[in-house]
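A.B. asks:
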Amino acid sequence: MTPIRLGVVGLGLGRWMVETVKKIEGAHVVAAAENMPARLDGMGGYRAYEKENDLKLYEDADQMMDDESLDAIALAVTPKHRRALIESAGNRGIPMLIEKPWAGTVKSGRELVDLCNSFDLPCQVEFPIRCMPAMVRLRELLKGDLGKGWMANANLMMGWCPPPEAQHWDPENHNGLLNECYVHLFDTLAFLLGKPKSVFSFGGSFRGRPMPDAAAAVVEFESGASASLTCGGIGAACADGGHLLDIWTENGLARVTGTQWLPDTLEWALREANKSTVETFHAPERMTLMEYNMRAFFNAVRSSAPVAATPEDGLIATAIAMAIQESIFTGNRVAVEC
Ligand SMILES: NC(=O)c1ccc[n+]([C@@H]2O[C@H](COP(=O)([O-])OP(=O)(O)OC[C@H]3O[C@@H](n4cnc5c(N)ncnc54)[C@H](O)[C@@H]3O)[C@@H](O)[C@H]2O)c1
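Residue numbers for the sequence shown follow the working numbering, beginning at 24 and rising by one.
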């Protein structure tokens, strides 16, 4: 297996990536860039982090790209900081794994898709859930015995709701919690049901945040399928999770459960069956939840296999988030346009 030398930019969520890669054979984080090194003070400081993780730290990401012979780079920065890094990596021919949410607006997201497509390189969005074994198996069943999805009911609620001054509410950055966190759910539904067409949503700022912090929505898909969903930051961290998704299909139904981001059980049945089938899967741990996504990315870098989630997939999930937000504000059904 060709070894992958990875560079990581941004050491917030990027630290989870550093830990995740330790679980993946044939891949190593050889360098990381963080332009706010004080961020690592709580971890014994810059040099201690470097030593502990056997990597070289840079403050300047371009310098890292010039000095290290990287096979790939992970851009673990917020939407506002992505464009310049994508240009830098793309112009140097370095394949990219790019964090979600894809962008803060559909317009800026479209521009980033075009930019990525201008490079002949693997560019994958970090959507861990669609790569987890339970979801991969469910999609296989939808393409096989269960037939196509007709209706779904999905839930992803968390106790975590950033304070009003956090960057997550900045319209120039994540542009709200629904886009920041729940693109994970919107992407999972698009992965299973195809291209979204329109959205109708209720919701609000229940916890007094500047933008909606929870939503109850229905998404219509081009295939004729529809999904109802609840998501947001109104859960309770100690008891969040459990039920993730029910889906009713041409030939039966399937149900996915597990702690919220980490599905480990798939129950499914054909409509005329006497008994359901229960399959259990390995779910990654919370802080290394991107394990399967990263494995898929490294395979794409090695073999030119298609990436697991394209920039277009990232844009679609953000377009759903924006349509949900707009529907809450206007009280109208909103077309998902991207
Ligand atoms: N996949 C997941 O489950 C998951 C979980 C949490 C966060 N995220 C996403 O990861 C992204 C990053 O989130 P975060 O919480 O770590 O954000 P953050 O702002 O806390 O951390 C990003 C770090 O990147 C650094 N940075 C920005 N531009 C840089 C550059 N050009 N060179 C070097 N360093 C640079 C910043 O100084 C900052 O320390 C967000 O888009 C977030 O939504 C994903």
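For each residue, glycine too, the CB sits at the ideal point set by N, CA and C.
If you follow the alpha helix (DSSP H) that I347 is part of, which residue opens it and which one closes it?
C.D. replies: Looking at the DSSP string, the run of the alpha helix (DSSP H) that includes I347 is P334 to T353.
A.B. asks: Taking the straight line between their C-alpha atoms, what separation do you get for E349 and S92?
C.D. replies: Taking the straight line joining both Cα atoms gives about 44 Å.
A.B. asks: By DSSP, does A328 sit in helix, in strand, or in coil?
C.D. replies: A328: coil per DSSP, three-state reduction.
A.B. asks: Look at the Cβ atom of I109, then the Cβ atom of C139, and state whether they are nearer than 8 Å.
C.D. replies: Cβ atoms of I109 and C139: closer than 8 Å.
A.B. asks: In the DSSP output, which residue or residues are listed as bridge partners for P219?
C.D. replies: Paired residues: F244.
A.B. asks: Which first and last residues belong to the beta strand (DSSP E) in which S251 is found?
C.D. replies: Where S251 is concerned, the enclosing beta strand (DSSP E) stretches over S249 to G255.
A.B. asks: Could you have a look at G172 and say whether DSSP puts it in helix, strand or coil?
C.D. replies: Three-state result, G172: strand.
A.B. asks: With H, G and I counted as helix, E and B as strand and the rest as coil, what does DSSP make of Q283?
C.D. replies: DSSP places Q283 in coil when its eight states are reduced to three.
A.B. asks: Assess, as a yes-or-no matter, whether the stretch 209-218 is touched by the stretch 175-194 under the definition of 3 or more beta carbon pairs within less than 8 Å.
C.D. replies: Result yes; three or more Cβ-Cβ pairs closer than 8 Å.
A.B. asks: Could you name the residues that DSSP lists as bridge partners for Y81?
C.D. replies: A56, per the DSSP bridge assignment.
A.B. asks: Quick one, which of I351, G354 and I339 has its alpha-carbon nearest E360's?
C.D. replies: Taking only the C-alpha atoms, the option nearest E360 is I339.
A.B. asks: Check A319 in the structure and name its three-state DSSP category.
C.D. replies: Note: A319 maps to helix in three-state DSSP.
A.B. asks: For W39, which residues of its own chain have a beta-carbon under 6 Å away from its beta-carbon, when the five flanking residues on both sides are left out?
C.D. replies: M310, listed in sequence order.
A.B. asks: With the cut-off set at 8 Å, would you say A306 and P286 are in Cβ contact?
C.D. replies: Yes, the Cβ-Cβ distance between A306 and P286 is below 8 Å.
A.B. asks: Taking R70 and F223 to be in contact with their CB atoms under 8 Å, please state how far apart those CB atoms are, rounded to whole angstroms.
C.D. replies: At roughly 53 Å, the Cβ-Cβ gap does not stay under 8 Å, so R70 and F223 are not in contact.
A.B. asks: May I have the straight-line CA-CA distance separating L78 from V53, to the nearest angstrom?
C.D. replies: Rounded to whole angstroms, L78 to V53 spans 5 Å at the Cα level.
A.B. asks: Which residues does DSSP list as the beta-bridge partners of Q190?
C.D. replies: Beta-bridge pairing links Q190 to no other residue.
A.B. asks: So does L29 have its beta carbon nearer than 7 Å to some heavy atom of ligand 2?
C.D. replies: As presented, the structure is devoid of ligand 2, carrying ligand 1 as its sole ligands.
A.B. asks: Checking 8 Å against the spacing of the C-beta atoms, do N274 and D193 come in under that value?
C.D. replies: It is not a contact, given that the beta carbons lie outside the stated cut-off.
A.B. asks: Could you check which residue in P334, F320 and M158 has the C-alpha nearest to that of D269?
C.D. replies: Among P334, F320 and M158, the Cα nearest to that of D269 is on M158.
A.B. asks: Is N58 close to ligand 1? I mean its beta-carbon at under 7 Å from any heavy atom of the ligand.
C.D. replies: At least one heavy atom of ligand 1 is nearer than 7 Å to the Cβ of N58, so yes.
A.B. asks: If I follow the unbroken alpha helix (DSSP H) through E110, where does it start and stop?
C.D. replies: Segment R105 to N114, the alpha helix (DSSP H) holding E110.
A.B. asks: From this set, D210, T280, M24 and G337, which residue's C-alpha is nearest V242's C-alpha?
C.D. replies: Nearest option by C-alpha distance: D210.
A.B. asks: According to DSSP, is M119 helix, strand or coil?
C.D. replies: Here M119 sits in strand by DSSP.
A.B. asks: So R325 and T25 are in contact, right, with Cβ under 8 Å, and what is the actual spacing, rounded?
C.D. replies: Contact flag correct, Cβ pair sits at about 5 Å.
A.B. asks: DSSP state of N178, grouped into three classes?
C.D. replies: Looking at N178 - three-state DSSP - the assignment turns out to be strand.
A.B. asks: For V129, report the span of its alpha helix (DSSP H) as first-last.
C.D. replies: V129 to N140 is the extent of the alpha helix (DSSP H) around V129.
A.B. asks: When every heavy atom of ligand 1 is checked, does at least one fall within less than 7 Å of the C-beta of T300?
C.D. replies: Incorrect: T300 has no Cβ contact closer than 7 Å to ligand 1.
A.B. asks: Quick check: is any heavy atom of ligand 1 less than 7 Å from the C-beta of T341?
C.D. replies: For ligand 1, not one heavy atom lies less than 7 Å from the Cβ of T341.
A.B. asks: So, does the stretch 179-189 touch the stretch 93-107, judging by three or more C-beta pairs under 8 Å?
C.D. replies: Cβ pair count under 8 Å is below three, so no.
A.B. asks: When the Cα atoms are used, what is the spatial distance from A239 to M180?
C.D. replies: The alpha-carbon atoms of A239 and M180 are separated by roughly 11 Å.
A.B. asks: Does the contact criterion of 3 or more C-beta pairs under 8 Å hold for the stretch 322-337 versus the stretch 141-148?
C.D. replies: Yes, the stretch 322-337 touches the stretch 141-148.
A.B. asks: With respect to the alpha helix (DSSP H) encompassing E75, which residues constitute its N-terminal and C-terminal limits?
C.D. replies: Y69 to N76 is the extent of the alpha helix (DSSP H) around E75.
A.B. asks: Suppose contacts are defined by Cβ-Cβ distances below 8 Å. Is I351 in contact with F225 by that definition?
C.D. replies: Closer than 8 Å, so yes.
A.B. asks: May I have the straight-line CA-CA distance separating G49 from I27, to the nearest angstrom?
C.D. replies: Straight-line Cα distance between these residues: approximately 6 Å.
A.B. asks: Please tell me whether, using a cut-off of 7 Å, the distance from the CB of V100 to the nearest non-hydrogen atom of ligand 1 is below it.
C.D. replies: The answer is yes for V100.
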